[in-house]
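The next block holds one structure in the form of structure tokens; read it before the comments.
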Amino acid sequence: MITTLSLIGMPGAGKSTVGVLLAKALGLNFVDSDLLLQVQHQHSLQQILEREGHQALREKETEVLLNMP
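To convert, count from 1 in the sequence shown and add 4; that's the numbering used here.
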């Protein structure tokens, strides 16, 4: 049985939309890593990118992904 399914793609490709539908169809929970990152750091992805740079954003994304529920 699938316990984790990750969708990867370009911004705006529909990962969240498809993810919600797929999770519902498979009876899984849906977690949006971008939303987790923004909540944890209290800034939008764009704000983090502008204030701290691309590398810092990637490091924060990695941290979130490694600690996802």
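Note that beta-carbon positions come from the ideal geometry of N, C-alpha and C, so glycine has one too.
It should be emphasised that the depicted structure is a prediction, and the values quoted were computed from it without experimental measurement.
Backbone CA spacing between residue i and residue j [nearest angstrom]
i: residue 68; j: residue 45; result: 10 Å
i: residue 10; j: residue 47; result: 23 Å
i: residue 51; j: residue 39; result: 13 Å
i: residue 8; j: residue 29; result: 14 Å
i: residue 36; j: residue 63; result: 17 Å
i: residue 73; j: residue 27; result: 15 Å
i: residue 14; j: residue 65; result: 15 Å
i: residue 33; j: residue 25; result: 11 Å
Exposed unless 16 or more other CB atoms sit within 10 angstroms - verdict on residue i
i: residue 12; result: exposed
i: residue 6; result: exposed
i: residue 41; result: buried
i: residue 61; result: buried
Next on the checklist: Quick check: the stretch 11-24 against the stretch 56-64, are at least 3 beta-carbon pairs closer than 8 Å?
Outcome noted: At 8 Å Cβ cutoff, the stretches do not touch.
Checklist entry - Where in the stretch 7-72 do unbroken runs of the alpha helix (DSSP H), each at least 4 residues long, occur, reported from the N-terminal end onward? => result Within the stretch 7-72, the complete alpha helix (DSSP H) runs of at least 4 residues are 19-30, 37-45, 49-56, 58-70.
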